[in-house]
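Notes follow the structure.
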Amino acid sequence: MSAAVKFVHDQLTGKKDYPKFKAGDNITVNYKIVEGGKERIQGFRGDVVKIQGTGATASFTVRKISDGVGVERLFPFFSPNVDSVLLNKVGKVRRAKLYYLRERSGKSARIKEKRF
Amino acid sequence: MTSIFSTDGKQTACTIIEAGPNVVTQVKTKESDGYSALQLAFGDKKEKHSTKAEINHFAKANTPAKKFTKEFRDYSIEKALGETITVDIFTEGDDVEVIGTTKGKGFQGVVKRHGFSGVGEQSHGQHDRSRAPGSIGGSSYPARVFKGMRMAGRMGNDRVKLKGLKVVKIFAEKNYILISGSVPGHNGSIVLIQK
């Protein structure tokens, strides 16, 4: 990353105190949505499929099964619409990008929880 | 490139440009040169890499030799020799145009260079045909290929002007300016921003 990009990223990215999470973890993202001029916070709970990018443009994708249909949502780390992130479970996975979850369903789409 | 969020959460892709400080190295007037213009210079150069003519020319403006100079005719801001022009002339939200040289793509075919659609699926058994240009004209009449017929050739490395870009943010202390979208050229290339 060039010095100019690093400087701008440092200026743009405020402090966000999310818990540390990685692909395979189960998280809840509380994000703001505007409905009829009113703002409210809605949660999106699912597994982290990937974390991509660096600096101000970094983002992460969360996947959940809603009514039997897989739903993925992408959240930029520094979006003002992301209110908070809660870490529910730490998953035991071998990959950084869990695209294989898209082809699986039911029992085989589960991620083992990491026990400490 | 990077991106920036608005307060309602919309993400805009933008390019970081180091705009200045540009030193006025020559002031041309109607009396002395027949037209009025300002010569601006950007980017320091080592003394061992510059000629004596360059060093003495820039010494008139009390600056070390510069890498790039550009003359602007009928410049709207009055500046004297040796003064600097910074990002202060822009404000956030300005509409600007950016001129630069695009990345060179080398010798390219018509599909990439001119957006031809190619032959597609059905080549009727012919091979090596999927990205061919097709016919380039008639036979005995007109018995020649018209000038300007779009064919394969060198692509890129052209001077282009992008219009309708916006100044998204300005970092005055570092002379950085964030412009919405992409600009022509590779990383570190020189572009011209004009209002």
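Residue numbers (our numbering), protein chains in the order written: chain C, 9 to 124; chain P, 62 to 256. Heads up, the beta-carbon is just placed ideally off N, CA and C, and yes, glycines get one too.
query, result
"Taking Cβ positions, are C:N34 and C:G51 nearer each other than 7 Å?", "no"
"For a contact meaning CB atoms closer than 8 Å, what does P:L239 contact in chain C?", "V16"
"With a cut-off of 7 Å, does the C-beta of C:V37 fall near any C-beta of chain P?", "no"
"CB P:K166 to CB P:G217, shorter than 7 Å?", "yes"
"Nearest to C:Y108 by CA position, among C:G44, C:V56, C:S74, is which residue?", "C:V56"
"For C:Q50, which beta-bridge partners are listed by DSSP?", "C:Y39"
"When you compare only the Cα positions, how much space is there between P:T163 and C:S113?", "47 Å"
"Please classify C:V70: is it buried, with 16 or more other beta-carbons within 10 angstroms of its beta-carbon, or exposed?", "buried"
"Would you kindly work out how many angstroms separate the C-alpha atoms of P:K127 and P:K235, rounded to a whole number?", "19 Å"
"By DSSP, does P:F207 sit in helix, in strand, or in coil?", "coil"
"Report, in whole angstroms, the separation of the C-beta atoms of C:A12 and P:I150, which I expect to be a contact under 8 Å.", "Their Cβ separation, rounded to whole angstroms, is 20 Å, which puts C:A12 and P:I150 out of contact at 8 Å."
"How should P:Q187 be labelled, buried or exposed, when 16 other C-beta atoms within 10 angstroms of its C-beta is the threshold for buried?", "exposed"
"Buried or exposed for P:I258, going by 16 or more other Cβ atoms inside 10 Å?", "Since the first residue shown for chain P is 62 and the last is 256, residue 258 of chain P is missing from the structure and cannot be characterised."
"Can you list, in chain order, the stretches of the beta strand (DSSP E) that have 3 or more residues and sit fully within the stretch 180-232 of chain P?", "214-216, 220-232"
"Which residues of chain C have a Cβ atom closer than 8 Å to the Cβ of P:F232, listed in chain order?", "F15, V16, Q19"
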